[in-house]
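Student: My questions will all concern the structure given below.
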Amino acid sequence: MITLSYNPDAGSLSWRFVDTAEEDATLEGECDATLLLDPQGQVVGVELALDDEIADDDLAPALAHPQVSFDAAARTLTVNLVGEEPASVQPLEEPAILDFDPDERLLAFEVLPADEFNLDQRLERLAPFLIEREEEHADEAEETILPPATRPVLPEGPHRSGFVALVGRPNVGKSTLLNALLGQKVAIVSPKPQTTRTAIRGILTRPDAQIVFVDTPGIHEPRNRLGAYMVKQARRAIPDADVVCMVVDITRPPGSLDERIAALVRKASARRILVLNKIDLRTKRGSDNLQAYRALAPWDMEVAVSALRGHGLDALVDEIVRLLPEGPPLYPEGQVTDLSEREIAAELVREQVLRYTQHEVPHSVAVEIEEWEEKENVTYIRMTILVERETQKAILIGAGGGMLKKIGSGARQAIEEMLERPVYLDLWVKAREHWRDDPSALRWLGYTE
Ligand SMILES: Nc1nc2c(ncn2[C@@H]2O[C@H](COP(=O)(O)OP(=O)(O)OP(=O)(O)O)[C@@H](O)[C@H]2O)c(=O)[nH]1
Numbered sequence: 001m002i003t004l005s006y007n008p009d010a011g012s013l014s015w016r017f018v019d020t021a022e023e024d025a026t027l028e029g030e031c032d033a034t035l036l037l038d039p040q041g042q043v044v045g046v047e048l049a050l051d052d053e054i055a056d057d058d059l060a061p062a063l064a065h066p067q068v069s070f071d072a073a074a075r076t077l078t079v080n081l082v083g084e085e086p087a088s089v090q091p092l093e094e095p096a097i098l099d100f101d102p103d104e105r106l107l108a109f110e111v112l113p114a115d116e117f118n119l120d121q122r123l124e125r126l127a128p129f130l131i132e133r134e135e136e137h138a139d140e141a142e143e144t145i146l147p148p149a150t151r152p153v154l155p156e157g158p159h160r161s162g163f164v165a166l167v168g169r170p171n172v173g174k175s176t177l178l179n180a181l182l183g184q185k186v187a188i189v190s191p192k193p194q195t196t197r198t199a200i201r202g203i204l205t206r207p208d209a210q211i212v213f214v215d216t217p218g219i220h221e222p223r224n225r226l227g228a229y230m231v232k233q234a235r236r237a238i239p240d241a242d243v244v245c246m247v248v249d250i251t252r253p254p255g256s257l258d259e260r261i262a263a264l265v266r267k268a269s270a271r272r273i274l275v276l277n278k279i280d281l282r283t284k285r286g287s288d289n290l291q292a293y294r295a296l297a298p299w300d301m302e303v304a305v306s307a308l309r310g311h312g313l314d315a316l317v318d319e320i321v322r323l324l325p326e327g328p329p330l331y332p333e334g335q336v337t338d339l340s341e342r343e344i345a346a347e348l349v350r351e352q353v354l355r356y357t358q359h360e361v362p363h364s365v366a367v368e369i370e371e372w373e374e375k376e377n378v379t380y381i382r383m384t385i386l387v388e389r390e391t392q393k394a395i396l397i398g399a400g401g402g403m404l405k406k407i408g409s410g411a412r413q414a415i416e417e418m419l420e421r422p423v424y425l426d427l428w429v430k431a432r433e434h435w436r437d438d439p440s441a442l443r444w445l446g447y448t449e
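Quick note: the sequence shown, position 329, residue 329 per full-length UniProt numbering, numbers continuous.
Now the structure itself:
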């Protein structure tokens with residue numbers, strides 16, 4: 001296995017082919033490097049331009065891994081951990097540092113993208129390989145930057161229940177957090193802002209309490225009626241909540257949107273928890289950001305978490321339960337969300353559109369279910385993907401229908417996982433101009449009160 005480690009302070013990514021001690025690498029070299037990116041700009045691999053002095057045999061430790069290939073004519077060593085054809089490349093200004101052993105065999109190398117590249121936002125695809133990073137930084141993050149929330153002893157007293165709004169600007173990780181808290185995917189997630197469009201309820205039931213989480217759309221400056229609807233959904237969740245969790249991305253300083261959201265939170269009569277997310281991506285600026293977020297409102301509690309890696313979630317749930325009023329369960333014990341399987345299925349299609357398309361296209365898409373039929377061995381589902389322009393329709397269908405096939409195949413797998421039975425997914429694309437500003441289209445798509 002190739003071991004990757006990420007050093008957030010240096011902004012560097014180290015790739016190790018051989019499981020040996022650091023001291024074994026006694027010789028250093030340099031070469032040009034290029035990162036390989038997927039359609040979302042996530043790093044999937046790297047290409048090194050090696051010089052003639054490195055003999056082909058010296059690459060044996062690297063080539064022992066199936067993800068590594070070497071083009072002897074071009075002298076490029078390619079490490080592609082994900083295995084998909086990269087969608088784009090990012091040549092690096094800084095050379096890669098190569099580590100060799102005394103016999104000049106390549107053991108490891110390190111790349112250092114410029115700060116503007118925002119490497120820490122682009123490691124999602126490599127997360128399964130980032131073994132050292134987790135071990136090196138997880139404990140440290142909790143000890144030095146953000147003390148772990150003191151885990152309270154659970155009250156032995158009455159049953160508690162209530163509504164907990166998850167609010168924050170787009171892309172801070174609200175939906176990832178909701179799914180992680182529930183241990184089940186109810187909200188779709190993407191690296192693109194404004195993924196969540198409606199308030200989604202996720203219900204966590206335990207013996208002493210029931211928490212009804214309300215995942216809300218990211219609060220932003222709306223540019224159309226759909227955006228206005230989304231922001232309204234989020235704002236409305238705040239006064240209705242017993243506890244408001246303002247979720248922030250600790251790697252970024254608060255901006256004007258955070259200030260506006262905090263102003264709403266300050267006005268609410270609910271208890272307020274500051275949820276510092278993405279502690280796995282902690283950077284040097286983390287503690288400055290922490291002070292700035294603390295200053296936004298009088299918080300009842302702050303909890304540091306990594307929704308992606310599941311850190312700090314038990315502490316967050318315990319804190320929430322402590323702040324909830326006494327009350328009986330609000331939903332039946334087995335219910336996890338207020339969304340139907342059909343609604344989640346349509347969202348899973350939209351998630352794939354977000355995954356594979358860029359710029360305005362993902363934001364211009366809505367998904368409607370036209371037909372859903374339980375057949376003997378398969379669930380037949382026909383859906384229409386609505387876009388705003390013919391050009392967007394052409395992008396979604398792709399050359400020879402390739403794009404629609406990719407979207408369909410990803411969505412079908414996800415829906416099959418949810419339904420636990422085979423699915424036949426029939427996808428169509430239709431253009432309807434400016435539907436995001438058309439009240440009747442919004443009503444019919446369910447984006448209304
Ligand atoms: N590294 C890291 N990434 C995270 C974490 N939580 C979420 N993300 C990533 O952040 C991106 C946005 O996550 P979402 O859960 O869609 O964010 P959101 O706040 O619901 O976004 P909107 O729907 O736009 O409001 C995704 O690429 C997630 O994988 C975390 O704890 N660590």
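Backbone N, C-alpha and C define an ideal beta-carbon position, used for all residues, glycine too.
#1: Compute the beta-carbon to beta-carbon distance between residue 304 and residue 173, rounded to the nearest angstrom, for a pair I have assumed lies under 8 Å.
#2: Can you give the Cα-Cα distance for residue 59 and residue 52, rounded to whole angstroms?
#3: In the DSSP assignment, find the unbroken alpha helix (DSSP H) run with residue 61 in it and report its ends.
#4: Considering only C-alpha positions, which residue in the set 200, 370, 165 and 236 is nearest to residue 337?
#5: Can you tell which of 390, 32, 402 and 344 has its C-alpha closest to the C-alpha of residue 414?
#6: With a threshold of 16 other CB atoms inside 10 Å of the CB of residue 383, please say whether the residue is buried or exposed.
#7: Ignoring anything shorter than 3 residues, give me the beta strand (DSSP E) runs that lie fully in the region 275 to 326, in order along the chain.
#8: For residue 30, collect the residues of the same chain with a Cβ closer than 8 Å to its Cβ; drop the 5 residues on either side in sequence, then sort them by chain order.
#9: Determine, using beta carbons only, whether residue 170 and residue 40 come nearer to each other than 8 Å.
#10: Taking 7 Å as the cut-off, is the CB of residue 352 close to at least one heavy atom of ligand 1?
#11: Am I right that residue 82 and residue 44 are in contact with their C-beta atoms under 8 Å? What's the rounded C-beta distance?
#12: Measure the Cβ-Cβ separation of residue 160 and residue 326 and say whether it is below 8 Å.
#13: Along the beta strand (DSSP E) that carries residue 184, what are the first and last residues, could you check?
#14: Between which two residues does the alpha helix (DSSP H) containing residue 261 stretch?
#15: Within a Cβ cutoff of 7 Å, which residues of the same chain sit near residue 278, ignoring the five residues on either side of it in sequence?
#16: Going by DSSP, name the residue or residues bridged to residue 381.
#17: Pick from 265, 355 and 441: whose alpha carbon is nearest that of residue 274?
#18: Given residue 393, which residues of its chain have a CB within under 8 Å of its CB, disregarding the five upstream and five downstream residues?
#19: Please find out if some non-hydrogen atom of ligand 1 comes closer than 7 Å to the beta-carbon of residue 13.
#20: Taking residue 103 as the reference, which of 87, 55, 195 and 323 has the closest Cα?
#21: What would DSSP say about residue 430, mapped onto helix, strand or coil?
#22: Can you determine whether any heavy atom of ligand 1 sits closer than 7 Å to the C-beta of residue 185, and answer yes or no?
#23: Specify whether the region 316 to 325 and the region 393 to 406 touch according to this definition: at least 3 beta carbon pairs, one from each stretch, less than 8 Å apart.
#24: By DSSP, does residue 392 sit in helix, in strand, or in coil?
#25: So with Cβ pairs under 8 Å, would you call residue 266 a contact of chain C?
#26: Which ranges does the beta strand (DSSP E) cover as unbroken runs of at least 3 residues, wholly within the region 26 to 112, from first to last along the chain?
#27: Is it the case that the Cβ atoms of residue 352 and residue 263 are separated by a distance below 8 Å?
#28: Does the count of Cβ pairs from the region 415 to 422 and the region 364 to 372 closer than 8 Å reach three?
#29: Kindly indicate which residue of 71, 79, 206 and 87 has the alpha-carbon position closest to the one of residue 335.
#30: CA-CA distance, residue 340 and residue 318?
#31: Any chance the region 216 to 229 sits against the region 439 to 449, with 3 or more Cβ pairs inside 8 Å?
#32: Output needed for residue 217: all residues of its chain with C-beta closer than 6 Å, excluding positions within five of it in sequence on either side, in chain order.
#33: Applying the 10 Å Cβ sphere with the 16-neighbour rule, what's the burial state of residue 246?
#34: Please tell me whether, using a cut-off of 7 Å, the distance from the CB of residue 232 to the nearest non-hydrogen atom of ligand 1 is below it.
#35: DSSP on residue 157, reduced to helix/strand/coil?
#36: For residue 434, count the other beta carbons within 10 Å of its own beta carbon; 16 or more makes it buried, fewer makes it exposed. Which is it?
Tutor: According to the structure data:
#1: Here the question's residue 304 lines up with position 304 in the sequence shown. Here the question's residue 173 lines up with position 173 in the sequence shown. With 8 Å as the limit, residue 304 and residue 173 do not qualify as a contact, their Cβ atoms being about 12 Å apart.
#2: Here the question's residue 59 lines up with position 59 in the sequence shown. Here the question's residue 52 lines up with position 52 in the sequence shown. Cα-Cα distance, rounded: 12 Å.
#3: Here residue 61 refers to the residue found at position 61 when the sequence shown is read from its first residue. Unbroken alpha helix (DSSP H) run through residue 61: 60 to 63.
#4: What you label residue 337 is simply residue 337 of the sequence shown in a count that begins at 1. Nearest to residue 337 by alpha-carbon distance, out of 200, 370, 165 and 236, is 200.
#5: In the sequence shown, residue 414 corresponds to position 414, counting from 1. Among 390, 32, 402 and 344, the Cα nearest to that of residue 414 belongs to 344.
#6: Along the sequence shown, one-based indexing puts residue 383 at 383. The residue in question, residue 383, is buried, as its Cβ has 16 or more Cβ neighbours within 10 Å.
#7: The region 275 to 326 contains, as complete beta strand (DSSP E) runs of 3+ residues, the segments 301 to 304 (chain order).
#8: Residue mapping note: residue 30 aligns to position 30 of the sequence shown, counting from 1. Answer for residue 30: 95, 96, 97 and 98, listed in chain order.
#9: On the sequence shown, position 170 is the one that residue 170 refers to. On the sequence shown, position 40 is the one that residue 40 refers to. Taking the C-beta atoms as reference points, residue 40 is found no nearer than 8 Å to residue 170.
#10: Translated into the one-based positions of the sequence shown, residue 352 becomes position 352. Incorrect: residue 352 has no Cβ contact closer than 7 Å to ligand 1.
#11: Within the sequence shown, residue 82 is the residue found at index 82, counting from 1. Within the sequence shown, residue 44 is the residue found at index 44, counting from 1. Their Cβ separation, rounded to whole angstroms, is 4 Å, which keeps residue 82 and residue 44 in contact under 8 Å.
#12: Translated into the one-based positions of the sequence shown, residue 160 becomes position 160. Translated into the one-based positions of the sequence shown, residue 326 becomes position 326. Closer than 8 Å, so yes.
#13: Mapped onto the sequence shown, residue 184 falls at position 184. Unbroken run through residue 184: none, as it is neither H nor E.
#14: Taking the first residue of the sequence shown as 1, we reach residue 261 at position 261. Counting along the chain, the unbroken alpha helix (DSSP H) around residue 261 starts and ends at 256 to 267.
#15: Residue 278 sits at position 278 when you count from the first residue of the sequence shown. Around residue 278: 173, 249, 250, 251 and 306.
#16: Residue 381 sits at position 381 when you count from the first residue of the sequence shown. According to DSSP, which records beta bridges pairwise, residue 381 is partnered with 372 and 425.
#17: Here the question's residue 274 lines up with position 274 in the sequence shown. Out of 265, 355 and 441, 265 has the C-alpha closest to the C-alpha of residue 274.
#18: Within the sequence shown, numbered from 1, the residue matching residue 393 stands at position 393. By the criterion of a C-beta distance shorter than 8 Å, residue 393 is surrounded in its chain by 387, 429, 430 and 431, once the five residues flanking it on both sides are discounted.
#19: In the sequence shown, residue 13 corresponds to position 13, counting from 1. At a threshold of 7 Å, residue 13 does not count as near ligand 1, since its beta carbon sits no closer than that to any of the ligand's heavy atoms.
#20: The residue given as residue 103 occupies position 103 in the sequence shown. Ranking 87, 55, 195 and 323 by Cα distance to residue 103 puts 55 first.
#21: The residue you call residue 430 lines up with position 430 of the sequence shown. Residue state, collapsed to three classes: strand.
#22: Along the sequence shown, read from residue 1 onward, the residue named residue 185 stands at position 185. Taking non-hydrogen atoms of ligand 1 into account, the C-beta of residue 185 is found less than 7 Å away from none of them.
#23: The region 316 to 325 is not in contact with the region 393 to 406.
#24: As a working mapping, residue 392 is identified with position 392 in the sequence shown. Helix at residue 392.
#25: Checking the listed chains, one finds no chain C in this structure; it contains a single protein chain.
#26: Assignment of beta strand (DSSP E) within the region 26 to 112, counting only whole runs of 3 or more residues, yields 27 to 37, 43 to 49, 68 to 71, 76 to 80, 88 to 91, 96 to 100 and 106 to 111 in chain order.
#27: Taking the sequence shown and counting its residues from 1, one reaches residue 352 at position 352. Taking the sequence shown and counting its residues from 1, one reaches residue 263 at position 263. It is not a contact, given that the beta carbons lie outside the stated cut-off.
#28: Output reads no: the region 364 to 372 does not touch the region 415 to 422.
#29: By one-based count along the sequence shown, residue 335 stands at place 335. If you compare the alpha carbons of 71, 79, 206 and 87 with that of residue 335, the shortest gap goes to 206.
#30: What you label residue 340 is simply residue 340 of the sequence shown in a count that begins at 1. What you label residue 318 is simply residue 318 of the sequence shown in a count that begins at 1. The straight-line gap from Cα to Cα measures roughly 28 Å.
#31: Cβ pair count under 8 Å is three or more, so yes.
#32: Looking up residue 217 in the sequence shown gives position 217. Close CB contacts of residue 217 within its chain, under the 6 Å cut and outside five residues either way in sequence, are with 196, 197, 230, 233 and 234 (chain order).
#33: Position 246 of the sequence shown, counting from 1, holds the residue named residue 246. Buried is the call here.
#34: As a working mapping, residue 232 is identified with position 232 in the sequence shown. No.
#35: Your numbering for residue 157 matches position 157 in the sequence shown. Assigned with DSSP and collapsed to three states, residue 157 falls in coil, not helix or strand.
#36: On the sequence shown, residue 434 is found 434 positions in, with the first residue counted as 1. Exposed is the call here.
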